[in-house]
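So for the sequence shown, the working numbering puts the first residue at 84; every next one is plus one.
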Amino acid sequence: MTGDFRGQHSAVAKFKKDLRKETAAYAEWAARRNELAHGYVTEARCPDYDDPDQPLITVYALLPSHARVDRWFNAEPEWNYLAVEIERFAQGFQDLDNRLERLAANAGELQLGRSLQNVIDSDC
C-alpha cells in the first residue's frame, strides 16, 4: 500500500500550487473583510461636476478604523471604498469561495484515486 498518489503526480503538484495560491487569496480577503467590519462610513457633500447646474450630491465611503494605524499612511487611508464598490467586493469574495469549493472537490477526486489505488495494490 502506498500513499504517493500513484499516477497523479502532476495533478497533485498542480493542486498544491493552486491550494497555496487560493489560501493566500482567501487569507487576504478575510483580513479585508475584518477591516471592513470594523471600519466606519464617512459622508461628503460636493457639487456634481457632471451636471451643468452642479447640484450638491452626497457620497458615502467606508474607511478602515482609526484603531488600525497601520492602514493609515500619511494621513490618508490605505483603502477607501465607495458604497458602489462594496457590492463588487462581496462578489469577489463569492468568486473566491466558489474557486475554493472547486479546489476542495478536486482534493476529493485525488483522495479517491489514491484510495482506489490502495485497494488495487492490496488485492495484488
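Idealized CB from N, CA, C, for every residue including glycine.
Spatially closest choice to residue i from the options, by CA coordinates
i, options, result
"Pro130", "Leu139, Glu111 and Thr106", "Leu139"
"Glu168", "Val142, Ala114 and Tyr132", "Val142"
"Asp180", "Leu102, Ser93, Ala94 and Ala96", "Leu102"
"Phe172", "Glu159, Ala120 and Ala107", "Ala120"
Between the CA atoms of residue j and residue i - distance to the nearest angstrom
i, j, result
"Tyr123", "Leu165", "12 angstroms"
"Arg128", "Leu145", "15 angstroms"
"Ala96", "Gly191", "15 angstroms"
"Arg116", "Gln177", "12 angstroms"
"Tyr109", "Gln174", "13 angstroms"
In DSSP terms, what residue i is bridged to
i, result
"Tyr143", "Glu126"
"Leu165", "Ala144"
Beta-carbon proximity check, residue i vs residue j, cutoff 8 angstroms
i, j, result
"Glu105", "Leu186", "yes"
"Glu118", "Pro147", "yes"
"Asn163", "Phe98", "no"
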